[in-house]
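When you line the sequence shown up against the working numbering, it's residues 4 to 401, in that order. Where is the CB? At the ideal position from N, CA and C, for every residue including glycine. From a predicted model like this one, the values you see are computed outputs, not experimental measurements.
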Amino acid sequence: MKNFINKLLQQASIPITSRQFWRYSLVFWGVLAIFSYVQSTLVWLLGSKSKMYIAESVEWFITYLMWLGFTPLILKAAQRFPIRLLERKGAWIKSLSIHVLIASGFSLLVSSVAYLLVSPLYSYEIGKPIGPENIPFWFFWSYSLRVTNYLLVVVGYSIISYTHRYQALKEQNLTYELNNEQLKTQLAGAQLQALKMQLNPHFLFNTHHAIVSLMLQNDTRKAIDMVTTLSDLLRGVLAHQDSNFLTLRQELTLTQQYLAIQQIRFQDRLRIEYDIDPATENCPVPQLLLQPLVENAVTHGISGLTTDALIRISTRRHPGEIQISIFDNGLGHRRKRREGGGLGLNNTRLRLRQAYGDAAHFTIEQPQGGSTIVTLLFPCEPSLLNNSTHENLSLAHY
Numbered sequence: 004m005k006n007f008i009n010k011l012l013q014q015a016s017i018p019i020t021s022r023q024f025w026r027y028s029l030v031f032w033g034v035l036a037i038f039s040y041v042q043s044t045l046v047w048l049l050g051s052k053s054k055m056y057i058a059e060s061v062e063w064f065i066t067y068l069m070w071l072g073f074t075p076l077i078l079k080a081a082q083r084f085p086i087r088l089l090e091r092k093g094a095w096i097k098s099l100s101i102h103v104l105i106a107s108g109f110s111l112l113v114s115s116v117a118y119l120l121v122s123p124l125y126s127y128e129i130g131k132p133i134g135p136e137n138i139p140f141w142f143f144w145s146y147s148l149r150v151t152n153y154l155l156v157v158v159g160y161s162i163i164s165y166t167h168r169y170q171a172l173k174e175q176n177l178t179y180e181l182n183n184e185q186l187k188t189q190l191a192g193a194q195l196q197a198l199k200m201q202l203n204p205h206f207l208f209n210t211h212h213a214i215v216s217l218m219l220q221n222d223t224r225k226a227i228d229m230v231t232t233l234s235d236l237l238r239g240v241l242a243h244q245d246s247n248f249l250t251l252r253q254e255l256t257l258t259q260q261y262l263a264i265q266q267i268r269f270q271d272r273l274r275i276e277y278d279i280d281p282a283t284e285n286c287p288v289p290q291l292l293l294q295p296l297v298e299n300a301v302t303h304g305i306s307g308l309t310t311d312a313l314i315r316i317s318t319r320r321h322p323g324e325i326q327i328s329i330f331d332n333g334l335g336h337r338r339k340r341r342e343g344g345g346l347g348l349n350n351t352r353l354r355l356r357q358a359y360g361d362a363a364h365f366t367i368e369q370p371q372g373g374s375t376i377v378t379l380l381f382p383c384e385p386s387l388l389n390n391s392t393h394e395n396l397s398l399a400h401y
């Protein structure tokens with residue numbers, strides 16, 4: 004019986020034990036029994052009946068004790084023939100009719116058992132025998148009440164079962180949604196990591212080419228300085244290799260190290276300016292976001308200049324957003340470029356789109372007369388940071 008009840012409860016998604024089931028069933032039938040007994044007593048007190056027989060109390064006790072024992076079978080019937088009012092009319096009427104027949108069978112069984120056990124006591128108290136012909140009377144005497152009690156159990160079970168199933172489905176859907184969001188986050192992280200890894204060999208190759216050029220020119224001191232600065236840059240990148248996002252302050256530090264390499268190459272011809280809004284320094288940005296942009300400014304902008312070169316990095320904070328601009332006084336539209344700006348610019352577009360979707364904006368301006376301005380605008384979302392360690396160096400004073 005215990006396994007039978009546990010299976011019923013499990014199929015109905017009701018999280019209680021068989022012991023709790025019997026406890027709740029006892030409370031339910033006990034309350035109904037008390038109401039029934041009080042009603043019978045009041046009828047006796049207010050009616051013309053001269054005597055209340057002990058056999059009536061015994062019958063009352065046997066009746067509700069049997070209904071208590073029938074409870075698992077009633078729940079099985081409720082599970083086998085569910086009453087779903089939202090289904091087509093014929094379906095739930097059919098289920099209801101089946102339950103009335105089952106309730107009638109239980110009622111007949113209760114009446115028969117009560118007759119067999121209580122009729123001798125009745126016969127003794129009234130002083131005359133009670134024959135089997137009285138069974139129909141016993142059956143119909145409380146028939147409507149017994150059917151009502153049966154249907155009350157069926158409806159109550161259905162409500163509790165549907166409530167728990169709905170809650171279980173709701174929690175399951177919530178779990179699926181959370182898992183789906185986690186998978187999306189992991190996928191986005193993997194894609195960002197893949198895009199970031201495309202950049203590393205790209206600027207490493209360019210830097211290596213610059214070092215080789217210095218060596219061929221017998222400029223060993225500059226080559227050594229460039230290798231040392233490159234080592235510092237790589238050390239900074241590796242220190243955050245597991246982070247897809249850094250604070251702008253940390254990103255600017257990496258950018259400074261890259262530009263230091265370019266200043267070795269260009270010597271006094273390259274001037275770097277920073278106009279950093281202090282309110283932007285703790286905003287998260289994709290790691291190595293700025294490096295390909297300043298590399299693009301060097302490679303496609305100022306490398307063809309015969310005069311002094313300038314790269315200016317400026318940031319501004321807007322409500323919920325950060326704006327980053329990179330200016331170079333290079334040839335701009337006067338220099339033939341591949342449409343789309345090459346690997347660095349395309350990679351930056353993809354990374355911004357992957358990280359922020361349509362909330363990110365990427366524009367390139369090339370005024371008449373030369374120069375290029377690359378502007379990024381995207382949300383400042385502190386929750387994107389997975390590393391809360393910030394460097395103490397501030398670039399706001401540059």
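- A Cβ-Cβ distance of about 16 Å is found for the pair arginine 320 and alanine 362, leaving them out of contact under the 8 Å criterion.
- In the DSSP assignment, the residues bridged to histidine 321 are Glu324.
- For the set Glu128, Thr351, Tyr127, Glu276, the Cα lying nearest the Cα of phenylalanine 365 is the one of Thr351.
- Tyrosine 56 carries a coil assignment under DSSP once its states are collapsed to helix, strand and coil.
- Note on valine 103: under 16 other CB atoms within 10 angstroms of its CB, so exposed under the neighbour-count rule.
- Within the model, the alpha-carbon separation for valine 215 versus leucine 233 is close to 13 Å.
- Annotated as distal: phenylalanine 248 and valine 297, with beta-carbon spacing of 8 Å or more.
- Excluding its 5 nearest sequence neighbours in each direction, serine 126 has C-beta neighbours in its own chain below 7 Å: Pro132, Ile133, listed in chain order.
- In its chain, beyond the 5 residues on either side, no residue has a beta carbon closer than 7 Å to the beta carbon of leucine 148.
- Judged by DSSP in its simplified three-state form, isoleucine 305 adopts helix.
- The straight-line gap separating the alpha-carbon atoms of glycine 372 and proline 322 is approximately 34 Å.
- In this structure, proline 75 keeps its C-beta atom at 8 Å or more from the C-beta atom of leucine 155.
- For threonine 375, no alpha helix (DSSP H) encloses it; the enclosing beta strand (DSSP E) starts and ends at 375-382.
- In the DSSP assignment, glutamate 368 falls within the beta strand (DSSP E) that extends over 364-368.
- Secondary structure at threonine 256: helix, using DSSP grouped into helix, strand and coil.
- Taking a cut-off of 8 Å for Cβ pairs, the segment 29-47 and the segment 64-71 touch, as three or more such pairs fall below it.
- Note on leucine 48: under 16 other CB atoms within 10 angstroms of its CB, so exposed under the neighbour-count rule.
- Between methionine 229 and isoleucine 264 a beta carbon distance of about 5 Å is seen, short of the 8 Å cut, so the two are scored as contacting.
- Exclusion of the five residues before and after tyrosine 67 leaves Trp32, Ala36 as the residues of its chain whose Cβ lies within less than 6 Å of its Cβ.
- Collapsing the DSSP output to three states places aspartate 361 in a helix.
- In the DSSP annotation of this structure, the continuous segment of the alpha helix (DSSP H) that includes glutamate 298 starts and ends at 294-299.
- Using a C-beta cut-off of 8 Å, the segment 158-168 makes contact with the segment 79-87, since at least three inter-stretch Cβ pairs fall below that distance.
- Of the residues Ile57, Thr178, Thr250, the one whose Cα lies closest to the Cα of isoleucine 129 is Ile57.
- Here isoleucine 101 is not bridged, per DSSP, to any residue.
- The Cβ atoms of tyrosine 277 and leucine 236 do not sit closer than 8 Å to each other.
- Here DSSP, grouped into helix, strand and coil, assigns isoleucine 314 to strand.
- Its Cα nearest to that of leucine 380, the residue Ser328 stands out among Thr256, Pro18, Ser328.
- For aspartate 228, the uninterrupted alpha helix (DSSP H) segment begins and ends at 223-242.
- Shown here, phenylalanine 269 sits in a helix according to DSSP, grouped into three states.
- Around the CB of arginine 238, fewer than 16 other CB atoms lie within 10 Å, so the residue is classed as exposed.
- Taking a 10 Å sphere around the C-beta of arginine 354, we find 16 or more other C-beta atoms and assign the residue as buried.
- Per the coordinates, the alpha-carbon of threonine 310 lies some 24 Å from the alpha-carbon of arginine 224.
- For leucine 45, the uninterrupted alpha helix (DSSP H) segment begins and ends at 21-49.
- For histidine 243, the CB contacts under 8 Å within the same chain, skipping 5 residues up- and downstream, are Leu249, Gln253, Gln290, Asn390 in chain order.
- Distance from glycine 307 to leucine 334 at the Cβ level is roughly 5 Å; contact confirmed, criterion being Cβ atoms closer than 8 Å.
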